[in-house]
Amino acid sequence: MESYSHLPQLSNGQLDLSKVQDAQLMKTKPNRGKGYTAGNSCITEVVIDNKPTKLLLDPGAFCSCVGKSFLKACVPNFEDQLLPIDGIKFNSASNPMKALGIFETSVIFPQINGNLRITVEFVVM
1 MESYSHLPQL SNGQLDLSKV QDAQLMKTKP NRGKGYTAGN SCITEVVIDN
51 KPTKLLLDPG AFCSCVGKSF LKACVPNFED QLLPIDGIKF NSASNPMKAL
101 GIFETSVIFP QINGNLRITV EFVVM
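Pasting the structure below:
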C-alpha cells in the first residue's frame, strides 16, 4: 500500500474497514484518561532508508520535527538532500529553535499483512 499525503483524501462511502488492526504500542497502555502521562506511548518501529528504527508519533503536532543526530543515524548523507526552509520560526516552550531545512523521505510501517509506506517531510532541527 502507498499513501499520498499531499493528495486530498476523499471517501466514496465504500471503505472496507474489515481488516483494520490495532497498533502495537511499545509499553503498557495507561489507564483510560491518563494517556497524557505516558509521553513515549506512541513509539513505534518504522523503516527509514532501509534501516529499522523507533519513531515517536505525535498526531497532534503542527509539523513532524526530527533531530539532526537521529536523522544522521538513519540517513548519513541527509544534509545533501535538505530542502530550504524560509520565513518560518519554530519555538519550543517559548524558546527559539533553529531549523536546518526540510527532509522528505519515505517511512515504512511494517505490518503483518503488508507494509504501509508514507512520504513524510521532516523539519530537521
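Reminder that position 110 of the sequence shown reads as 110 in this note's numbering, one-by-one numbering, no gaps.
All C-beta atoms in this analysis are idealised placements derived from N, C-alpha and C, irrespective of residue type, glycine included.
Whole-angstrom distance between residue j and residue i, CA atom to CA atom
i, j, result
"Leu57", "Cys42", "5 Å"
"Val120", "Lys72", "16 Å"
"Asn95", "Lys51", "32 Å"
"Leu82", "Ala93", "26 Å"
"Pro76", "Thr105", "13 Å"
"Cys128", "Gly33", "Here the chain has residues from 1 to 125 only, and residue 128 is not among them."
"Phe78", "Gly60", "26 Å"
Secondary structure of residue i, DSSP reduced to three states
i, result
"Lys51", "strand"
"Pro8", "Model confidence at Pro8 stands at a pLDDT of 49, short of 50, so the residue's coordinates are unreliable; what they give is reported in the following sentence. Three-state DSSP puts Pro8 in coil, outside helix and strand."
"Leu116", "strand"
"Met125", "coil"
"Pro96", "strand"
"Leu57", "coil"
Residues of its chain near residue i, where Cβ-Cβ distance is below 7 Å and the 5 sequence neighbours each way are ignored
i, result
"Gly67", "Met125"
"Glu45", "Pro52, Lys54, Pro110"
Residue interval of the alpha helix (DSSP H) (run including residue i)
i, result
"Phe70", "68-74"
Start and end residues, beta strand (DSSP E) containing residue i
i, result
"Phe78", "That residue, Phe78, is in no beta strand (DSSP E); it is neither H nor E in DSSP."
"Phe109", "101-109"
Nonlocal neighbours in the same chain, by C-beta distance under 6 Å from residue i, ignoring five residues either side
i, result
"Lys85", "Reading off the sequence shown, one finds Ile at residue 85, where the question assumed Lys. Counting only Cβ-Cβ distances below 6 Å, and skipping sequence neighbours, we find Ala99, Gly101, Ile102."
"Phe90", "Met97, Ala99"
"Asp127", "Lying outside 1 to 125, the shown extent of the chain, residue 127 is not represented and no answer is given."
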